[in-house]
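Positions 0 to 960 (numbering that gives the first Met the number 0) are the ones given, in order, by the sequence shown.
Some notes on the structure that comes next.
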Amino acid sequence: MSTLEQQLRFSVLGPVRAWRDETEVPLGPPQQRAVLTVLLLAEGAQVSMTKLSAAVWGNETPASASGILRGYIHRLRKALDPVSAPANSNSVIRSVGDGYQFCAVFELDLRRFRDLCAQAERARGEGDIAGAVKLFREVNSLWHGTPLADVRGDYAQQQRMRLTELWLSATADRLTAELDLGHLAEAVAELGDLVAGHPLDERFRELLMLAYYRSGRQAAALDTYRDTRALLAEELGVDPGQALQTLYQRVLQADPALLSAPPSPDPAHAPATLRSVPVPAQLPPVLPVFVGRQTELARATALSASGTVIVSAVAGTAGVGKTAFAVHWAHQVAYRFPDGQLYVNLRGFDPVGVPVTPEHALRTLLESLGADIRALPQDLDALAATYRTHIAGRRLLLLLDNARDAAQVRPLLPATPGTLAIITSRDRLTGLIAVDSAHPLHLDVLTSAEARSLLARRLGTARVDAEPDAVDEIIARCARLPLALSVTAARAATRPGFPLAALAAELRDSAADLDAFQDDGDTAADVRAVFSWSYHALTPEAARLFRLLALHPGPDTTAPAAASLVGHPLPQTRRLLAQLVQAHLLDETAPGRYASHDLLRNYAGELTQTFETPARVRAARHRVLDHYLHTAHEAAALTNLARALVPLDPVAEGVRPEEFGGDAGKATAWFTAEHAVLIAAVEQAAAHGYDTHTWRLAWAVSNYLHLRGLWQEEEAAQRAALEAARRLDDQRAEAYAHRGLGLAMAGLGHLDRAASEARRAIELCTDTGDLRAAAESHRVLAWSLEQQGDLEGARDAAQRSLALFRACEGKGADDIRSRTAIASALNAVGWNQMLLGRHQEALDHCRQALALSQELGDATNVAHTWDTIGCAHHHLGQHAEAVDAFQRALDLYRLQGDLPWFVASTLTHLGDTRLSAGTPEAARVAWTEALAIMDHLGHTDAESLRKRLNPEERPAAAPSR
0 MSTLEQQLRF SVLGPVRAWR DETEVPLGPP QQRAVLTVLL LAEGAQVSMT KLSAAVWGNE
60 TPASASGILR GYIHRLRKAL DPVSAPANSN SVIRSVGDGY QFCAVFELDL RRFRDLCAQA
120 ERARGEGDIA GAVKLFREVN SLWHGTPLAD VRGDYAQQQR MRLTELWLSA TADRLTAELD
180 LGHLAEAVAE LGDLVAGHPL DERFRELLML AYYRSGRQAA ALDTYRDTRA LLAEELGVDP
240 GQALQTLYQR VLQADPALLS APPSPDPAHA PATLRSVPVP AQLPPVLPVF VGRQTELARA
300 TALSASGTVI VSAVAGTAGV GKTAFAVHWA HQVAYRFPDG QLYVNLRGFD PVGVPVTPEH
360 ALRTLLESLG ADIRALPQDL DALAATYRTH IAGRRLLLLL DNARDAAQVR PLLPATPGTL
420 AIITSRDRLT GLIAVDSAHP LHLDVLTSAE ARSLLARRLG TARVDAEPDA VDEIIARCAR
480 LPLALSVTAA RAATRPGFPL AALAAELRDS AADLDAFQDD GDTAADVRAV FSWSYHALTP
540 EAARLFRLLA LHPGPDTTAP AAASLVGHPL PQTRRLLAQL VQAHLLDETA PGRYASHDLL
600 RNYAGELTQT FETPARVRAA RHRVLDHYLH TAHEAAALTN LARALVPLDP VAEGVRPEEF
660 GGDAGKATAW FTAEHAVLIA AVEQAAAHGY DTHTWRLAWA VSNYLHLRGL WQEEEAAQRA
720 ALEAARRLDD QRAEAYAHRG LGLAMAGLGH LDRAASEARR AIELCTDTGD LRAAAESHRV
780 LAWSLEQQGD LEGARDAAQR SLALFRACEG KGADDIRSRT AIASALNAVG WNQMLLGRHQ
840 EALDHCRQAL ALSQELGDAT NVAHTWDTIG CAHHHLGQHA EAVDAFQRAL DLYRLQGDLP
900 WFVASTLTHL GDTRLSAGTP EAARVAWTEA LAIMDHLGHT DAESLRKRLN PEERPAAAPS
960 R
């Protein structure tokens, strides 16, 4: 290596420049500088002529591009190598294949930038804040204005954005450390300039708020938040992100913990004091025997700094190892994303279930990021905007597995730098590449060498080396497909005494039956025989369970559900599941939850059609649907004590529903874990003609969906229930479906349709004599009419509901449920009387509701009733009594926890009373706390609270709930 090579120094964090020792080297015109830039940023990797052309000319490559590029390379060599050197020996730029490679040892300011950032982060992690600040300041000194300032074109602009984001992140890290050292005045000045230059970057606004607060300027910190909120609303139509909202609440409450630096510095770019939820770490575990893919991993790592990357199999082939590759890559780069790693299985090609909707995926991601899912909007665009707000300014890694198409993925993509989205799919996702500038990364089958390494990892090098011809045939028969090779290796591992030649012969003999993976008659792509080996090695009972699992609604199952499906006791079923996991025909994806690759589910489905009679198939489906119906019915009974229960038929023989021991918390947790399965069960029951199961399952899951605000899923389930009820000619079932649709329509804001559905439910309940169901339907009607502004109609519906509940008292087996419903209905009537100005009548009903709810121990309805009582006293001018009632309601809400929307509503009412009582400062305190909660929830009532806090815009107080 020449001495001259060791003395080369380059800069890209500003204009592109080069030096040899202290002498600057002229680099020629902008296009020649662009060629050098691509080679430098590749940092020793080969750069193809295609990529060089794209960097210089974009999509308008001239016919003579190759010749022009060779000329640029020649002149760069001449400038950087003063001594003539052959192109492929000592030149700093060497020809490698169809491209070039920068081979000199050189200094690059970007590399120094990254090294210093890493050292600074380590210093912070060790508690050396002063040392970190010193290193970060050295980082800052490397920045010389706009990076690549003298290079034009789309490629340069993309790299500029990436490099600028690196600098902004380092700057945020430095200022966080400066604040922790108490350098407040300097930080405030610099942060003011950064906020002005990057107005939509919430990181610097968070830091500015913190700097103001630590400087004793609480009002300035709050003003900064309000300015941010107004700007984001005007520019993007969104609210501030979760971290900024959390900081606002803490500043508002004068949290003393904000005044000092955290004891254990967080290496993330956002201040550790701003974190409000655990950092998500959802990546599946790395496959221990992952082999090869070095070329693809290198390319993926190079692309990972530039945005969204698609991992896709050529021609959409399944089993090529997309997920294993994506997970392996994600773990390799996870350290770059300290704000968390998120994972969603989109089930795009699930053979039984349906793909995850973008709405459901967004809710899952937002819940992982700490959002209150009950406060989320229903509209897809609004959900996506909320999601983008939550991830803005965060360094997140997002792994979206098994995507169906671009439309499913597009709403989930990040909109700002700093987040990497990795997507796997059988589809090429060309729309995402064309429209969203995603980078395609096509994953082919393994090379022969990689396939051999995979077998050696699983079977041992000695066994593989001993039979090279047999190994070659196994690799060829498995089409170098990772899934097929893994199952084959598992088969061989369980037969250590068998020669590999015998396995190769079995593959050869089974070739005639392997048609599912043939590509234009190419038997090398046929792998069903691999599955059949593992299947035929099972015990008869395990093989039967494997076949019947194809009938499970999916996407995964548990041991109790599998036991009901197969009709065996739970201990026996657990042993059978263990056999399937051992044979690689099933995976335990989480403790106690089992799923299989979709190819295996397809294979199991084919076996079911071949070996199971239609009667046995129908019986198995009946058992698994019975399992979910009876378990969901029990969970629904525990999580809503006022709801009338629908009757069920006895469970089928062999079905063992799960039990909760009377624990409502366990029932809620079961609903959460089985949410996707229950929705799929409704769909499967409807598709296969299990109409009674369909409407009863929809009823059982309705309250859970209602509480979580999943109105679209509720609508779909209830529509399926309605169609099933009509096929059954069952008016009672039809009434329940109409009532459920009424709830869904009201939740979605379709109030006319909600009232219409509720009225139809009432008609059917009246015809069938089901007074309890009619009473519940009147409650839905009252809610719909109140939202429409028909207060008298709402009051009448609530009164009718109460009358019907009372008529049912003592006529059913569960008197407690009936009395709980009466107490809730009494408060509902009181609320509607209060809205109409009949405050004394409202108090009469509420006192009855209060006494009954207290007797029954229904703390939630006690709190609701105290809130209604407070509103009635307020309008009667009895301010002391109103304040007392509101305080009682608040105490109960806060004692139960997780009821922030009710707390905010009652605080609003309390503030109204304080104002009327002549204590405006106390009113402001209550409204300010309510506003912080409503802002956190993204609730529409936040705007009315802002008007209350502005005397010039203050409206007349109107109760709302």
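Each residue gets a CB set at the ideal place from its N, CA and C atoms; glycine is no exception.
In whole angstroms, give me the CA-to-CA distance for residue i and residue j.
i      : j      : result
Arg462 : Ala448 : 16 Å
Ala881 : Ile868 : 7 Å
Ala186 : Ala675 : 48 Å
Ala53  : Leu706 : 53 Å
Pro337 : Leu889 : 38 Å
Asn860 : Leu849 : 8 Å
Gly746 : Glu785 : 13 Å
Gln886 : Asp378 : 35 Å
Arg409 : Leu458 : 42 Å
Cys870 : Met833 : 7 Å
Ala641 : Val779 : 14 Å
Val132 : Ala391 : 25 Å
Gln6   : Thr446 : 40 Å
Leu162 : Gly13  : 10 Å
Leu862 : Ala903 : One detail in the question is off: residue 862 reads as Ala in this sequence, not Leu. Going by the C-alpha atoms only, they are around 13 Å apart.
Ala329 : Asn344 : 15 Å
Thr572 : Ala562 : 5 Å
Ala523 : Arg507 : In this prediction, Ala523 scores a pLDDT of 31, lower than 50, which makes its location untrustworthy; no coordinate-derived value is stated.
Ala210 : Asp192 : 14 Å
Val434 : Leu411 : 14 Å
His687 : Glu712 : 20 Å
Is it buried or exposed, residue i, if we count other Cβ atoms within 10 angstroms and call 16 or more buried?
i      : result
Gly788 : exposed
Arg494 : exposed
Thr612 : exposed
Glu639 : According to the sequence displayed, residue 639 carries Asn and not Glu. Buried is the call here.
Phe610 : exposed
Leu569 : exposed
Pro357 : buried
Gly553 : buried
Thr418 : buried
Phe497 : exposed
Val308 : Here Val308 scores only 43 on pLDDT, less than 50, and its place in the model should not be relied on; the value that follows carries that caveat. So Val308 ends up on the buried side.
Ser852 : buried
Ser943 : buried
Ile815 : exposed
Ser533 : buried
His874 : buried
Glu652 : exposed
Which partner residues of residue i appear in the DSSP bridge assignment?
i      : result
Phe101 : Ile92
Gln340 : Ala280, Leu396
Ala297 : Ala297 is not bridged to any residue.
Leu971 : As displayed, the chain neither begins before 0 nor continues past 960, which places residue 971 out of reach and without an answer.
Tyr593 : Thr556, Glu587
Val46  : Tyr99
Ala402 : Ser424
Would the beta-carbon of residue i be found less than 7 Å away from any heavy atom of the ligand ADP?
i      : result
Ala325 : In the structure on display, the ligand ADP does not appear, and there are no ligands present to speak of.
Can you round the beta-carbon distance between residue i and residue j to whole angstroms, since I take them to be within the 8 Å contact cut?
i      : j      : result
Gly152 : Val55  : 7 Å
His197 : Leu221 : At roughly 21 Å, the Cβ-Cβ gap does not stay under 8 Å, so His197 and Leu221 are not in contact.
Ala253 : Gln217 : 7 Å
Ala962 : Leu770 : Nothing can be reported for residue 962, as the shown portion of the chain is limited to 0 through 960.
Gly741 : Ala760 : 6 Å
Leu599 : Leu584 : 6 Å
Arg213 : Leu183 : 6 Å
Phe135 : Arg173 : 3 Å
Val24  : Ala78  : 5 Å
Ile422 : Leu428 : 7 Å
Inset, instruction - Run through the stretch 166 to 233 for me and flag every whole beta strand (DSSP E) of 3 or more residues, listed as ranges in chain order. - result: Counting only runs of 3 or more, we get nothing.
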